[in-house]
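Numbering (the working numbering), first residue to last: 1 to 573.
Below is one structure, written out as structure tokens; comments come after it.
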Amino acid sequence: MSDDNRPDNTTLANLLFEFADRLEAKDIEYKPAAYRRAAENVAEYPGSVAALAADGPEAVMEIDRVGEAIADKLVEYVETGSIEELEALRGELPVEMDALTAVEGVGPKTVATLYRELEVQTLADLERVARNGEIRDLRGFGQTSEQNILENIAFARQSDARELLGDTRPVADELLATMEAHDAVKACELAGSIRRWRPTVGDIDVLVATADAAAVVEAFVAEGDELIEAGESKASIRLDGVQADLRVVTPEEYGAALQYFTGSKEHNVQLRNYALERDVSLNEYGAFELTDADETGQRIAGDTEASMYEVLDLAWIPPELREGTGEIAAAEAGALPDLVRTDDIRGDLHVHTDWSDGTASIREMATAAAAFGHEYIAITDHADGPGVVGEMGLSAAELREQHTAVEAVDAELDIDLLTGVETNIAADGGVSMDDGVLAACDVVVASPHSGLSGDGTERLCTAIEHPAVDIIGHPSGRLLNQRSGIEFDPTVVGEAAAAAGTALEVNSNPLRLDLWGEAIKAAIDAGAEIVIDTDAHRPNSFEHIEYGVHTARRGWAEAADVRNTDGVESLRS
DNA sequence: GCCGTTTTCGGCCCGACTGTTTTCAGTCG
1 MSDDNRPDNT TLANLLFEFA DRLEAKDIEY KPAAYRRAAE NVAEYPGSVA ALAADGPEAV
61 MEIDRVGEAI ADKLVEYVET GSIEELEALR GELPVEMDAL TAVEGVGPKT VATLYRELEV
121 QTLADLERVA RNGEIRDLRG FGQTSEQNIL ENIAFARQSD ARELLGDTRP VADELLATME
181 AHDAVKACEL AGSIRRWRPT VGDIDVLVAT ADAAAVVEAF VAEGDELIEA GESKASIRLD
241 GVQADLRVVT PEEYGAALQY FTGSKEHNVQ LRNYALERDV SLNEYGAFEL TDADETGQRI
301 AGDTEASMYE VLDLAWIPPE LREGTGEIAA AEAGALPDLV RTDDIRGDLH VHTDWSDGTA
361 SIREMATAAA AFGHEYIAIT DHADGPGVVG EMGLSAAELR EQHTAVEAVD AELDIDLLTG
421 VETNIAADGG VSMDDGVLAA CDVVVASPHS GLSGDGTERL CTAIEHPAVD IIGHPSGRLL
481 NQRSGIEFDP TVVGEAAAAA GTALEVNSNP LRLDLWGEAI KAAIDAGAEI VIDTDAHRPN
541 SFEHIEYGVH TARRGWAEAA DVRNTDGVES LRS
């Protein structure tokens, strides 16, 4: 059933990105953009693209922006392990394209020139010719470009994956607070993928409205560990190892700029085209009427972000939805979801204590949850069994003992405590704890902890259908930037969950965020309910719920889709 | 190469910044 040799979506997407770079290096127009759009959608596709490829090119063409030519290439790669046309391009320009274009300021065309003129193939080659002063003599280059390349090679070597939202957001919030406190700043917000709550982010985008751009740029640059560039209306710095980009606009342009710089790129392209069909042109400075001659006319919106949508008769679209996956059509139809909010969450159904691998006692966790504002929590320590590290898992006897301890704390505190357990989902979908104990638990979370690769659709469905299981915890088992976890068809899993009345977890741990936007949307569309949990292992983890809630919003979740927006009595019944 | 309320051809987002140039190419977001 599962096939570990099958390429994952990231691998396939990277092939298409490389294709795009190599076509661009040859000065070919339009195709590079087409390949990049396809690559982005392959990377974001919730199921296994390689599994689609096994069914032939027609199945692959289901992916938006993937047509016949690209589908054929993906099938070719899955079947043979290479793509003839890509190999030919690699032969024409035998360079390490990814490594070289990772250098800031070096793109595909520069790579082509450096290979043609100086036979640069690797990062080491690039460093050598830069040090030797060979680049400065090339047409179109100079001493400054050569020096910049040399400096940026160091960052290219250490820059790996995108940053975790959970690591970057605190840095961004602090930077934002500093800018907000500046006298010249009239308005200030984070934009980009941070504002959309993507699980990982490439950089920090800060937008400022001011009448004194020079003062704001100067203040921003002063916050950086290092200056990348600074102009009259924008600047980039490096801060705690992350790039932060500032964009400065006038107060009148602020709404248009906020819309524009929040993205996503795909959302903006779609919105721009939607506007053009209605004779309105959008850019970061405003919305403009188009005249008969297709010339830009009267400015008709842009001071607020909402005005950019209002002018198109659309409701304001929450940033989490702006991924180009149908949100504009939903806004047009007046069918945008009423997204779940953090204060809709009434309790946490996945909490660990020092009975297994948590750091705090039942009482300490319950007290912290009550202080956070929860009405209830479920104590769900690990059951012993395969996939559970060391001796920390609880036996059936220990679980029964814990239930007594939980009930004792429940009787003393105002917050309601539910008994529970987190069991492991074995490779065959079985659950490792005897049914009698599971039946005695208020809440049974079943989660995959091992065998986290290959197609797990059947495995998850088997666990979902177990009569004692209430929640599937972190369903894929992914760890961001570390492992991709098991692959599954979220629609099939969602249908099974709906039929069995088992909820699928959105795990709020910033390292997991599992399920995630696309999979949540597919599961909810299939009729499934979700729960948003923190999987807290320490008292201060409850605040992570915010990451889970915004992730659920990326999956178009409303409060009614989320089981722990209900009170404890409704849950018990 | 992809796509369609211009539907099988013709168009594809666009502006800022940099470094190189005298009017622009490449990169980036």
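Where is the CB? At the ideal position from N, CA and C, for every residue including glycine.
Query, Result
"Have a look at the DSSP bridge pairing and note the partners of residue 259.", "Note: residue 259 sits in no beta bridge, so no partner."
"Kindly indicate which residue of 529, 28 and 485 has the alpha-carbon position closest to the one of residue 506.", "529"
"Would you mind working out which of 177, 526, 124 and 417 sits nearest residue 572, comparing C-alpha positions?", "417"
"Taking 8 Å as the cut-off, decide whether the C-beta atoms of residue 219 and residue 190 are in contact.", "no"
"Check whether the Cβ atoms of residue 207 and residue 224 lie closer than 8 Å to each other.", "no"
"According to DSSP, is residue 141 helix, strand or coil?", "coil"
"From which residue to which residue does the beta strand (DSSP E) around residue 542 run?", "Premise fails: residue 542 is in no beta strand (DSSP E) and is neither H nor E."
"Under the assumption that residue 431 contacts residue 469 (Cβ atoms under 8 Å), give the Cβ distance between them as a whole number of angstroms.", "6 Å"
"Which word fits residue 149, buried or exposed, when buried means at least 16 other C-beta atoms lie within 10 angstroms of its C-beta?", "buried"
"Would a C-beta distance cut-off of 8 Å place residue 532 and residue 497 closer than the cut-off?", "no"
"Whose CA, out of 512, 521 and 251, lies closest to the CA of residue 495?", "521"
"Using a Cβ-Cβ cut-off of 6 Å (strictly less than) and excluding sequence neighbours within five positions of residue 18, which residues of its own chain qualify?", "97"
"In the DSSP assignment, what residue or residues form a beta bridge with residue 347?", "376"
"Taking 7 Å as the line, does the beta carbon of residue 277 fall inside it for any heavy atom of the ligand GTP?", "No copy of the ligand GTP occurs in the structure displayed, which carries no ligand at all."
"How about residue 246 and residue 265: do their beta carbons lie closer than 8 Å?", "no"
"Could you tell me which residues DSSP pairs with residue 236 in its beta bridges?", "229 and 245"
"As a quick exercise: from 461, 325, 252 and 201, pick the residue whose alpha carbon is nearest that of residue 65.", "325"
"Taking 6 Å as the limit between beta carbons, can you name the residues of its chain near residue 16, skipping five residues before and five after?", "35, 38 and 39"
"Since I believe residue 366 is in contact with residue 421 (beta carbons under 8 Å), could you give me their beta-carbon distance rounded to a whole number of angstroms?", "Wrong, their Cβ atoms sit about 17 Å apart, outside the cutoff."
"Closest by CA to residue 508, which one among 198, 134 and 31?", "198"
"My output table needs one value for residue 532: the three-state DSSP class, helix, strand or coil.", "strand"
"Going by alpha carbons, who is nearest to residue 251 out of 302, 429 and 201?", "302"
"Report the three-state DSSP secondary structure of residue 186 (helix, strand or coil).", "strand"
"Taking its Cβ as the centre, do 16 or more other Cβ atoms sit within 10 Å of residue 345, making it buried, or is it exposed?", "buried"
"If we ignore side chains and look at the alpha-carbon of each, how far apart do residue 116 and residue 106 end up?", "15 Å"
"Going along the chain, which residues of its own chain have a beta-carbon closer than 6 Å to the beta-carbon of residue 566, five neighbours each way excluded?", "none"
"Can you give the beta carbon distance from residue 312 to residue 278, rounded, assuming they're within the 8 Å contact cut?", "6 Å"
"Alpha carbon to alpha carbon, what distance is there between residue 262 and residue 244?", "14 Å"
"Run the CB neighbour count on residue 143, radius 10 Å, all protein chains shown included, and call it buried at 16 or more, exposed below.", "exposed"
"Check the C-beta distance from residue 259 over to residue 305 and give it rounded, since I have them as a contact under 8 Å.", "5 Å"
"Starting from residue 194 and walking both ways along the alpha helix (DSSP H), at which residues does that stretch end?", "192-195"
"Can the beta-carbon of residue 471 be found less than 8 Å from the beta-carbon of residue 394?", "no"
"What is the rounded straight-line gap between the Cα of residue 551 and the Cα of residue 130?", "44 Å"
"Tell me the DSSP secondary structure of residue 409 in three-state form.", "helix"
"Below 8 Å on the Cβ atoms is my guess for residue 48 versus residue 455; work out the distance and round it to an integer in Å.", "6 Å"
"Around the C-beta of residue 203, are 16 or more other C-beta atoms found within 10 angstroms, so that it is buried, or is it exposed?", "buried"
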